[in-house]
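Residue 11 is where the sequence shown starts when you use the numbering used here, and the numbers rise one by one after that. Every residue, glycine too, gets a C-beta built ideally from N, C-alpha and C. It should be emphasised that the depicted structure is a prediction, and the values quoted were computed from it without experimental measurement. Below: the structure, in structure tokens.
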Amino acid sequence: MRLLGVDFLDISDQFSEDELMVQKTTREFVDNEIMPDIDLYFHDGTFPKHLVKQFGELGLLGLNLPEKYGCAGMSHIAYGLTCQELERCDSGIRSFVSVQGSLVMYPIYAYGSEEQRMKYLTKLASGEFIGCFGLTEPDHGSNPGGMVTRAKKTDGGYILNGAKMWITNGSVADVAVVWAKTDDDIVRGFIVDTDSEGFSAPLMKNKWSLRASITSELIFEDVFVPDENLLPNVKGLKGPLGCLTQARYGIGWGTLGSAIAVYDASVKYTAERIQFDKPIASFQLIQEKLAWMLSEITKGQLLALHVGKNKDNGTLRHQQVSMLKKNNCWVARECAKLAREMHGANGISGEYPIMRHLMNIESVYTYEGTNEMHTLVLGHDITGIPAYK
Ligand SMILES: Cc1cc2nc3c(=O)[nH]c(=O)nc-3n(C[C@H](O)[C@H](O)[C@H](O)COP(=O)(O)OP(=O)(O)OC[C@H]3O[C@@H](n4cnc5c(N)ncnc54)[C@H](O)[C@@H]3O)c2cc1C
């Protein structure tokens with residue numbers, strides 16, 4: 011069994027049988043159940059919600075969380091490989107799984123009470139419940155610490171007021187993990203049942219990217235959240251940032267899937283497309299592009315593998331995840347642009363997957379910390395000087 015995808019350095023030798031088996035199962039599921047219709051979902055701007063229970067059955071939701079809560083209990087490397095396979099199909103599909111596992115299940119697992127874990131995790135793992143993560147606000151994206159959503163203490167709970175924006179899964183979610191400031195001005199996390207009075211999640215329309223993913227506003231108008239839905243074990247911005255480290259790790263692997271998809275398509279297309287009586291793959295300028303893509307994908311894989319090993323052995327630093335997210339999003343974005351060029355006019359056609367990946371990667375490049383914010387994280391790590399403002 012030799013999987014990984016593009017594997018110039020035989021990196022797949024590094025994975026266990028279990029990890030490769032998870033990758034194989036995910037790949038087969040993606041190829042059989044999602045790939046045939048992905049252009050349709052993207053074109054129509056719909057998320058294939060009927061797949062969610064199947065994600066659950068395959069163990070893809072919270073794959074790297076403990077079995078005790080209905081999850082697969084697999085390694086972080088295995089989780090990375092599933093993200094790669096999902097994003098080889100579409101970034102929107104991988105986004106669903108990232109949000110559910112890393113941004114909703116992870117905070118309930120890491121910061122929640124045992125009662126909260128028991129109440130929510132099994133249902134989120136099976137796909138019975140869908141979750142969303144509300145951090146970004148209309149006026150606070152890269153600077154979430156400036157958030158103005160408020161949770162005011164009242165008898166038996168909190169009253170939430172405010173709005174979140176650009177929230178993946180928002181309109182289809184059963185539960186929302188929401189970050190808001192309490193009376194002492196400290197950011198706290200809340201599990202909000204989306205059928206609470208005063209909660210609404212209007213769909214954000216007119217997206218030209220991540221069209222096979224649901225994106226919504228979250229609006230809170232005097233929403234009552236009971237005390238038992240406050241995440242008790244974290245205070246401050248380190249709560250949401252800890253979740254983002256989990257999701258960014260998966261994105262670092264996932265974007266390699268997008269890069270592999272456009273690389274594979276380019277190798278095939280350039281071998282078949284004849285100009286000047288020869289396959290365009292025979293031209294040096296085309297080969298230079300393919301060699302660049304292969305080299306950068308391979309370097310991105312080494313980065314993902316090593317960061318994954320650090321995560322599995324408990325030595326990971328969040329700055330390493332920043333480098334992974336920043337680098338591999340950039341690689342995928344550049345690969346999509348080169349693939350677009352090599353496909354000529356066909357590069358803009360829906361007959362090929364290139365433009366879809368190119369449009370998707372623009373969202374992935376920006377969400378979960380823009381390229382600039384991760385650059386600043388690395389600059390801070392190198393110099394010890396924060397330069398965020
Ligand atoms: C499709 C999609 C899905 C999303 N899903 C979610 C979700 O589920 N939950 C959620 O909470 N959020 C989500 N987001 C929001 C996302 O995380 C934010 O868009 C992102 O954090 C950037 O914030 P912003 O768009 O407000 O950009 P801004 O923060 O306004 O940034 C605009 C530009 O200014 C730059 N900039 C900002 N500050 C600095 C600085 N100090 N130095 C240098 N440059 C700077 C940025 O890098 C960027 O280039 C999603 C976004 C998209 C597009």
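Beta-carbon gap between residue i and residue j smaller than 9 Å
i: Tyr121; j: Pro236; result: no
i: Ala173; j: Glu147; result: yes
i: Leu96; j: Met115; result: no
i: Val374; j: Leu220; result: yes
i: Arg198; j: Ala222; result: no
i: Leu145; j: Trp189; result: yes
i: Phe209; j: Ile196; result: no
i: Leu251; j: Lys299; result: no
i: Thr308; j: Val62; result: no
i: Leu75; j: Tyr119; result: yes
i: Phe139; j: Asp194; result: no
i: Asn356; j: Tyr273; result: no
i: Thr265; j: Ala342; result: yes
i: Leu19; j: Gln294; result: no
i: Lys336; j: His367; result: no
i: Leu91; j: Glu27; result: no
i: Phe57; j: Val182; result: yes
i: Gly66; j: Gly137; result: yes
i: Phe39; j: Leu68; result: yes
i: Gly55; j: Lys215; result: yes
i: Ala275; j: Tyr362; result: yes
Identity of the residue in the options nearest residue i by Cα
i: Gly72; options: Val107, Asp54, Asn42 and Asp49; result: Val107
i: Gln64; options: Cys93, Ala135 and Ser101; result: Ala135
i: Gly372; options: Asp287, Trp218, Gly324 and Glu306; result: It is worth fixing the name first, because residue 372 is Glu in this sequence and not Gly. It is Trp218.
i: Ile21; options: Leu50, Asn42, Arg37 and Ile87; result: Ile87
i: Gly166; options: His390, Met175, Glu238 and Leu388; result: Glu238
i: Met175; options: Tyr259, Ile395, Leu326 and Tyr377; result: Tyr377
i: Ile364; options: Ser26, Pro58, Gly156 and Ser101; result: Ser101
i: Thr178; options: Cys142, Tyr89 and Ala314; result: Cys142
i: Pro212; options: Arg37, Asp23, Gln294 and Glu227; result: Glu227
i: Tyr259; options: Ile201, Glu207, Glu67 and Arg104; result: Arg104
i: Ser206; options: His150, Tyr168 and Pro154; result: Tyr168
i: Val417; options: Glu125, Pro117 and Val158; result: With the chain represented from 11 up to 399, any question about residue 417 goes unanswered, as that position is not in the structure.
i: Cys93; options: Trp263, His390 and Val158; result: Trp263
i: Leu99; options: Lys78, Gly137 and Ile48; result: The displayed chain sequence assigns Cys, not Leu, to residue 99. When each option's Cα is compared against that of Cys99, the closest is Ile48.
i: Val109; options: Tyr362, Ser123 and Ile261; result: Ile261
i: Ala271; options: Leu386, Tyr89 and Met303; result: Met303
Residue interval of the alpha helix (DSSP H) (run including residue i)
i: Ile118; result: Tyr116 to Tyr121
i: Lys215; result: Where Lys215 is concerned, there is no enclosing alpha helix (DSSP H), given that its DSSP letter is neither H nor E.
i: Lys336; result: His328 to Met352
i: Asp49; result: Ile48 to Asp54
i: Gly102; result: Ser101 to Ser108
Residue i, buried or exposed, once every other Cβ within 10 Å from all chains shown has been counted against 16
i: Gly246; result: exposed
i: Gly111; result: buried
i: Ser268; result: buried
i: Val233; result: buried
i: Gln297; result: exposed
i: Gly156; result: exposed
i: Ile284; result: exposed
i: Ile358; result: exposed
i: Met84; result: buried
i: His316; result: exposed
i: Asn338; result: buried
i: Ile395; result: exposed
Where the beta strand (DSSP E) containing residue i begins and where it ends
i: Leu170; result: Gly167 to Thr178
i: Lys163; result: Arg160 to Thr164
i: Cys142; result: Gly141 to Gly144
i: Glu227; result: Thr225 to Pro236
i: Val187; result: Val185 to Lys191
query = Would you call the stretch 252-260 and the stretch 319-336 in contact, with 3 or more CB pairs under 8 Å?
reply = Yes, the stretch 252-260 is in contact with the stretch 319-336.
task = Count the C-beta pairs between the stretch 281-294 and the stretch 35-53 that are closer than 8 Å, then say yes if the count reaches three, no if not.
result = The stretch 281-294 is not in contact with the stretch 35-53.
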